[in-house]
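Throughout the sequence shown, residue numbering follows the working numbering, covering 557 to 828 in sequence.
Accompanying notes for the structure given below.
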Amino acid sequence: MTVAPESGKKRKSELASFAGDRHFVTALARGLEVLACFRSGRKTLGNQELAERCGLPKSTVSRLTHTLVRLGYLTHDEDSGKYTLGMATLSLGVGMLAKLDIRQVARPYMQELADFSHAMVSLGVRDRLSMLYIENCRSQSALTLSLDVGARIPIVTSSMGRGYLAIAGEAERREIADRLSELDAWSHREIMDGIDRAVSEYRELGVTTSFGDWQKDVNAIALGFQFSSTQPIMVLTCGAPSFKVSEDFLLNEVRPRLQGVVEKIKLAMGHQ
Numbered sequence: 557m558t559v560a561p562e563s564g565k566k567r568k569s570e571l572a573s574f575a576g577d578r579h580f581v582t583a584l585a586r587g588l589e590v591l592a593c594f595r596s597g598r599k600t601l602g603n604q605e606l607a608e609r610c611g612l613p614k615s616t617v618s619r620l621t622h623t624l625v626r627l628g629y630l631t632h633d634e635d636s637g638k639y640t641l642g643m644a645t646l647s648l649g650v651g652m653l654a655k656l657d658i659r660q661v662a663r664p665y666m667q668e669l670a671d672f673s674h675a676m677v678s679l680g681v682r683d684r685l686s687m688l689y690i691e692n693c694r695s696q697s698a699l700t701l702s703l704d705v706g707a708r709i710p711i712v713t714s715s716m717g718r719g720y721l722a723i724a725g726e727a728e729r730r731e732i733a734d735r736l737s738e739l740d741a742w743s744h745r746e747i748m749d750g751i752d753r754a755v756s757e758y759r760e761l762g763v764t765t766s767f768g769d770w771q772k773d774v775n776a777i778a779l780g781f782q783f784s785s786t787q788p789i790m791v792l793t794c795g796a797p798s799f800k801v802s803e804d805f806l807l808n809e810v811r812p813r814l815q816g817v818v819e820k821i822k823l824a825m826g827h828q
């Protein structure tokens, strides 16, 4: 199971949502969007493919890739005419991951839960209008989800996204809803209904769920948490193909363990 890359129309619309911000540097944003295209799992991409994914003219993309090659963020293969990520990009990622000590702290607890549930346990953060996986642990079972670190999933229909929305502030939820509705993926009412459901579910169950909402054959539950108001919201989720884990199993057996893992992570990170 893989996550489809975002369409060029969606990317272009998302950038357009910043049009009224006079401090927003469009050229910089476009360059970063080119780099972001490589997150979908494709190791090599040409200018035409990048133009389609970014929703930009090929001539614009050609100038961006030329600049990124000169700076070391991309490398260019003369024979194929395609690009791969350069070492400068790697240094950025390593620097970021090095700061995320929570990954090392959380991994053994996540693995224990994955082994118990025969599912995949993931840790994620918000990445604009998606959720980004920053750590994954799988059970020994061969039939778990195939998402890897760096994968991005919807913030509205996934349990992880709902876990984030459930504890985000009202202003942030409004901003997310407004930007999502501009992309025409869902109506504003559908988005708000999804957010209301996440909040209500979290209050009632202590977790958020997605039973066939994101992927029709995937069941998952999630729990968002935040160490302090100055640190980002993180979300821990447990999910698997629906024929492997039922809704009842996730809510009755996995839910208390998921909540326990979050408490262990908080304690290990020096927060109670």
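Where a beta carbon is used, it is the ideal one built from N, C-alpha and C, also for glycine.
Our contact map puts residue i next to residue j with C-beta atoms below 8 Å; I'd like the distance itself, whole angstroms only.
i, j, result
"residue 764", "residue 718", "4 Å"
"residue 600", "residue 640", "5 Å"
"residue 578", "residue 669", "With a Cβ gap of about 47 Å, residue 578 and residue 669 do not count as contacting."
"residue 662", "residue 689", "Actually they do not touch by this definition, with Cβ atoms about 13 Å apart."
"residue 665", "residue 820", "5 Å"
"residue 606", "residue 617", "5 Å"
"residue 798", "residue 768", "7 Å"
"residue 747", "residue 737", "6 Å"
"residue 793", "residue 715", "5 Å"
"residue 590", "residue 621", "6 Å"
"residue 744", "residue 727", "Contact flag wrong, Cβ pair sits at about 16 Å."
DSSP state of residue i, grouped into three classes?
i, result
"residue 713", "coil"
"residue 786", "coil"
"residue 707", "coil"
"residue 825", "coil"
"residue 813", "helix"
"residue 682", "strand"
Exposed or buried, which one is residue i when buried takes at least 16 other CB atoms within 10 Å?
i, result
"residue 771", "buried"
"residue 584", "exposed"
"residue 560", "No answer about residue 560 holds up, because its pLDDT of 44 lies below 50 and its placement is not dependable."
"residue 816", "exposed"
"residue 692", "buried"
"residue 638", "buried"
"residue 682", "buried"
"residue 694", "buried"
"residue 586", "buried"
"residue 786", "exposed"
"residue 520", "Because residue 520 is not part of the residues shown, which for the chain are 557 to 828, the question remains open."
"residue 796", "buried"
"residue 729", "buried"
"residue 548", "Nothing about residue 548 can be read from this structure; the chain reaches only from 557 to 828."
"residue 710", "buried"
"residue 800", "buried"
"residue 636", "exposed"
"residue 580", "exposed"
"residue 756", "exposed"
"residue 823", "exposed"
- Message: I want to know whether the segment 664–684 touches the segment 776–790 - three or more CB-CB distances under 8 Å.
- Response: Flag = yes, the segment 664–684 and the segment 776–790 touch.
- Query: In chain order, which alpha helix (DSSP H) runs of at least 4 residues are fully inside the segment 574–640?
  - Reply: Within the segment 574–640, the complete alpha helix (DSSP H) segments at least 4 residues long are 582–592, 603–610, 614–627, listed from N- to C-terminus.
- Task: Please determine if the segment 780–788 and the segment 710–727 are in contact, where contact requires at least 3 C-beta pairs separated by less than 8 Å.
- Result: Judged by Cβ distances under 8 Å, the segment 780–788 makes contact with the segment 710–727, as three or more pairs qualify.
- With a floor of 3 residues, list each beta strand (DSSP E) that falls wholly inside the segment 733–802, ordered by position along the chain. Annotation: the segment 733–802 contains the following complete segments of the beta strand (DSSP E) (minimum length 3 residues), in chain order: 764–767, 774–781, 790–797.
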